[in-house]
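Asker: Chains as they are written, first to last, in the numbering used here: chain A, 1 to 215; chain B, 216 to 418.
Positions of the beta carbon are idealized from the N, C-alpha and C atoms, including for glycine.
This one's a predicted model, so the numbers in the text were calculated from it and none came from an experiment.
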Amino acid sequence: MNAIVSSPFASAVPDVIDRLVGIEPGSHLDRIRAHREQARTHAQQSYLALFAPTPPVFGNFEIADRFAVAAFVAGLHGHADVARFYADALVAQGARAGVADAIAIEVQRGAAQGPYGRYPAGPLSVEDASGPSYAVSDARRAVLGERLSAALAHAHLLVFHPRDASAAALQSLLDAGWTSTEIVTLSQLVAFLAFQIRVVAGLRALAQRPVTLVD
Amino acid sequence: MSAESVLSHPGNIHPNAFTQAQLEWLPWLEPLPEAELTERHFEGLVDASRAKSPYFRLLARDPDILGARTRTDKDIFYNPEAGLPRTERELSAAAASRYNGCIYCASVHARFASHFSQRTEDVQRLLDDGAKADLGERWNAIVEASVALSATPSVFGAEHVAQLRAQGLDDLAIADVVHGAAFFNWANRLMLSLGEPQQPAGD
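#1: Pull up the distance between the alpha-carbon of R233/A and that of N403/B, whole angstroms please.
#2: Does the CB of L299/B have a neighbour CB from chain A at under 7 Å?
#3: Which residues in the same chain have their Cβ closer than 6 Å to the Cβ of T287/B, if we skip the five residues on either side of it in sequence?
#4: Could you name the residues of chain B that P53/A contacts, counting a contact when the two beta carbons are closer than 7 Å?
#5: Does any residue of chain B bring its CB to less than 7 Å from the CB of L223/A?
#6: Output yes if chain A places a C-beta closer than 7 Å to the C-beta of G215/B; else output no.
#7: Can you find a C-beta in chain A that's less than 7 Å from the C-beta of S369/B?
#8: At the level of alpha carbons, what is the spacing between R301/B and V99/A?
#9: Can you tell me where the alpha helix (DSSP H) holding W240/B begins and where it ends?
#10: How about S408/B and A165/A: are their beta carbons less than 7 Å apart?
#11: Which class does T179/A belong to by DSSP, given the choice of helix, strand or coil?
#12: Less than 7 Å between C-beta atoms, sequence neighbours within five positions excluded: which residues of the same chain meet that for I4/A?
#13: For my contact list, A83/A and V143/A are in at a C-beta cut-off of 8 Å; report their separation, rounded to the angstrom.
#14: Listed in chain order, which residues of the region 68–100 of chain A have Cβ atoms closer than 9 Å to some Cβ of chain B?
#15: Looking at chain A, is there any beta carbon in it that lies within less than 7 Å of the beta carbon of V358/B?
#16: Could you tell me whether the region 271–285 of chain B touches the region 331–342 of chain B, where touching means 3 or more Cβ pairs closer than 8 Å?
#17: Please confirm whether L152/A has its beta-carbon closer than 7 Å to some beta-carbon of chain B.
Below you can see the structure in the form of C-alpha cells.
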C-alpha cells in the first residue's frame, strides 16, 4: 500500500492541476484527465510528496524553504496564476519575515528565456546559446541565507539552462550545507514544477478551443 | 555538516552528439547502496529491478517523490487506452529532450520512437537537425507543440492545439502530447543535473 495515499491530509488537498486549469467535475477536460487516472492521481501525489511529505521525512529540507523555492520557480515560468498560487502558499506557510518579498524581487531579477546553455565541445557547439548566469543579490542573500540562496541559484540553472548543469553546481550546494538526499529532493521539486506548470499551460490552451467531443 | 562531496568521472567519454545508441549514465552524487534499501525505498522504485540502476538508487534517496513520479510516467507513456499512439508519445519525449539538450534522454526515447514507428531515419533527422527537421505534417505538428511547451516560459497556445487537431488528433491525444512533453521537462532536468551520460567503450 502507498502510505501517502492513505494520509488524511492528502484527500483534503484539492487537485492542484485541476484548480489551476479551472477543471470542474463532469467537464470535458475532467473526462479527458479521467482517461489517465493514474497520471492524474500521481501528479497530485508528487505535489504532496514534495510539499506535504509523509514522516519520517528524508533529509532536512524545511517546508517553508520548499515553498520559497517553488514560489521562485513558478515566478520564473511566467504564468501569473500559477506564480500567485505558489507565492500565496509561501505566505500561508508562515515564511520568515521578508522572505516572500525577497523571492518576488528575485523572480524579477532572474527573468530569462530558456532553454539556453552549452553542449559538450563538438558538433553541437554551433547550437550553444548564451544567457544569464544568476545568483541572489547580496541584499536578499542577507534575508534568505546562504543555504536558500544557493538553492535559488541552482533552481534558476535547472529552469532555464539545464544543459549547463555540472558536478561543480552540485558541489556548490554541498558547500552551502545541502546533503545529497536534500539535493535530490530539491532537484525533484524544481523539475516537478517544470512538469506541473506545463501540464497546466497545455490543458488551458486545450480548454480555450471549441471542443469536438471524443467521448 | 556532512563531509559529502560530488563524484567525478575523469575517464568518461561524454557523448557530444545526439544518438540512438545505448548510453550509460554516471551519477554525480552517491546513490544509495543496494544493501541499504528498505521497503519504503522499494515502494518508490516501483520495479525492484530498478535497484540495479545508479540513477534510480540516487533518486531513491527521496523514495516517495520517486514513486509518485514513476507512476505518473508509466501512465503517460504506457496506458494503451485510446489517445495518442505510443510511437508519438515517445516522439513528444524525444522532441522535448532534443530541445532541452538532454543527450541521454533523447537517446532512449528516440530509440523507442524508432522501434514503434520503424521510421529510424526520420527520428535521426530530429536528433541531427532538431525541431526544424521536416518529418511530415503530423510529426512536425507534434514536434512543434512539444518544443513550444518546453520553452521557458512556455509558448504553447491555441495555434498548436489547432495544428494538432488539423492532423487528426482528438483532445485526449493532444493531452497526451502535452503530458509526454511536460513529463520530459521533469526527466531532462534530473538526468542533466544529477550526472552525465557515458558513451560505452568501443562505440
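Answerer: In this structure, then:
#1: In the structure displayed, chain A extends from 1 to 215; residue 233/A sits before or after that span and is not available.
#2: Looking up residue 299/B in the second sequence gives position 84. Judged by the 7 Å Cβ criterion, L299/B is not in contact with chain A.
#3: As a working mapping, residue 287/B is identified with position 72 in the second sequence. Cβ within range, chain order: n/a, list empty.
#4: The sequence position of residue 53/A within the first sequence is 53, counting from 1. Annotation: Cβ neighbours of P53/A in chain B (cutoff 7 Å, chain order): D279.
#5: Absent from the structure is residue 223/A, since the part of chain A shown begins at 1 and ends at 215.
#6: What is shown of chain B runs 216 to 418, which leaves residue 215/B out entirely.
#7: Taking the second sequence and counting its residues from 1, the one referred to as residue 369/B is at position 154. S369/B counts as touching chain A.
#8: Numbered from 1 along the second sequence, position 86 holds the residue referred to as residue 301/B. Numbered from 1 along the first sequence, position 99 holds the residue referred to as residue 99/A. Approximately 44 Å, taken between the alpha carbons.
#9: Looking up residue 240/B in the second sequence gives position 25. Run containing W240/B: none in the alpha helix (DSSP H); it sits in the beta strand (DSSP E), 239–242.
#10: Counting from one through the second sequence, the residue named residue 408/B turns up at place 193. Counting from one through the first sequence, the residue named residue 165/A turns up at place 165. S408/B is a Cβ neighbour of A165/A, given a cutoff of 7 Å.
#11: Sequence index remark: in the first sequence, residue 179/A carries index 179 (1-based). The answer is coil: DSSP assigns T179/A none of H, G, I, E or B.
#12: Reading the first sequence from its first residue, position 4 is the one you call residue 4/A. For I4/A, the predicted model reports a pLDDT of 43, less than 50, meaning its position is unreliable; a value from the coordinates is still stated below. Same-chain partners within the cutoff: A10, Q45, L48, A49, T54.
#13: Taking the first residue of the first sequence as 1, we reach residue 83/A at position 83. Taking the first residue of the first sequence as 1, we reach residue 143/A at position 143. Actually they do not touch by this definition, with Cβ atoms about 20 Å apart.
#14: Answer set for the region 68–100 of chain A: L76, H77, G78, H79.
#15: Locating residue 358/B in the second sequence gives position 143, counting from the first residue. Judged by the 7 Å Cβ criterion, V358/B is not in contact with chain A.
#16: Contact fails between the region 271–285 of chain B and the region 331–342 of chain B, because fewer than three Cβ pairs, one in each stretch, are under 8 Å apart.
#17: On the first sequence, residue 152/A is found 152 positions in, with the first residue counted as 1. For L152/A, the answer is no, since every Cβ of chain B falls outside 7 Å of its Cβ.
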